[in-house]
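One structure is given here, and the rest of the page talks about it.
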Amino acid sequence: MNPPLTLVEEIVLLSLDDATGAHLPLLPHAIGYGLAGAVLADLEMAGRMATDTKCVKVLNTAATGDLLLDSWLQRIACEEKCHPISYWLGILFSEKRDIEKAALDHLVDRGILKRQDKKILWVIGLRRYPTIHNEERAEVKTRLAFLIQGDERPTHFDATLISLLRGSYLISEVLGPELLEGRSDRIAAIADADPIGREVAIASREAIDALMLAESATMRPF
């Protein structure tokens, strides 16, 4: 029996177009910080570390069985100084392509995605990742839609996922504004109830806001 998907893998699935498998046109920096936060949240949910705004502390260096998570667990454990969430989000964000590639490779290995190389002329290669039978992606979206539209108590995993999606400005992009209409209070209640996702999401949003502010400042005419 395959282990359940990680937060990193579910966010990667949600970032792909249903029909084509291509990446959705997401807000700049959003997917990078979404994945960065998911790595930290996955490790905390696995009982390997504790996070708060001032310190990310490793509690257990035993392998989780996930190569991506275990590599980051060891990297964080090797640090002599205890760094805040914002520090590790920045480090993880800088390696977002490697994180996404590792998650995509794992999803392909598990038979959830398949690779198709599309060529535009001879210089631009677009790699697409259609889901096989569309089951896992549909299950993620259906599960989150049911949760947002209803009043059921969320699982710890789903509350963390919604918190991460909300904190990194991904939730409207990957689930669609129609689903979220009139449900902002419900989404906030789910997200804020989860301590793991909440701390990471706050730090992610602050980092994205700072980057966007810096970029807008450089674009202003003199």
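For what it's worth, the numbering used here labels the leading residue of the sequence shown as 8, then goes sequentially.
In this text, a Cβ means the ideal position worked out from N, Cα and C, and glycines have one as well.
Note that the coordinates shown come from a computational prediction; the quantities given were computed from them, not determined experimentally.
Worksheet item: So what's L120 in DSSP terms, helix, strand or just coil?
Response: In the structure shown, L120 sits in a strand (DSSP, three-state: E or B).
Practice prompt. Measure the C-alpha to C-alpha separation of G41 and L186 and round it to an integer number of angstroms.
Written response: Going by C-alpha positions, G41 is about 20 Å away from L186.
Worksheet item: For L80 versus R117, is the C-beta distance shorter than 8 Å?
Response: Pairing L80 with R117 gives a Cβ-Cβ distance that is not under 8 Å.
Worksheet item: Where DSSP assigns a beta bridge to A57, which residues make up the other side?
Response: Bridge partners of A57: K64.
Discussion item. If contact is defined by three or more beta carbon pairs under 8 Å, each pair taking one atom from either stretch, is the region 196-204 in contact with the region 152-167?
Written reply: Counting C-beta pairs with one atom in each stretch, the region 152-167 and the region 196-204 have three or more that are closer than 8 Å, which means they touch.
Worksheet item: Can G44 and L171 be called in contact, C-beta distance under 8 Å?
Response: Yes, the pair counts as a contact, with Cβ atoms nearer than the cut-off.
Fill in: Cβ-based neighbour list, L96, same chain, cut-off 7 Å, excluding 5 preceding and 5 following
Counting only Cβ-Cβ distances below 7 Å, and skipping sequence neighbours, we find Y40, A43, G44, A210, S211, A214.
Discussion item. Can you tell me whether D49 is buried or exposed? The criterion is at least 16 other CB atoms within 10 Å of its CB, across all chains shown.
Written reply: D49 is classed as buried because its beta carbon has at least 16 other beta carbons within 10 Å across all chains shown.
Worksheet entry | Element boundaries [alpha helix (DSSP H), containing P184] | Residues 184-187.
Discussion item. Out of V15, L220, A84, which one is the CA nearest neighbour of A109?
Written reply: The shortest C-alpha separation from A109 is found at V15.
Discussion item. Here's a check: name, in chain order, each residue in its chain whose Cβ is nearer than 6 Å to the Cβ of E51, leaving out the five neighbours to either side.
Written reply: Hits under 6 Å: T58, I203.
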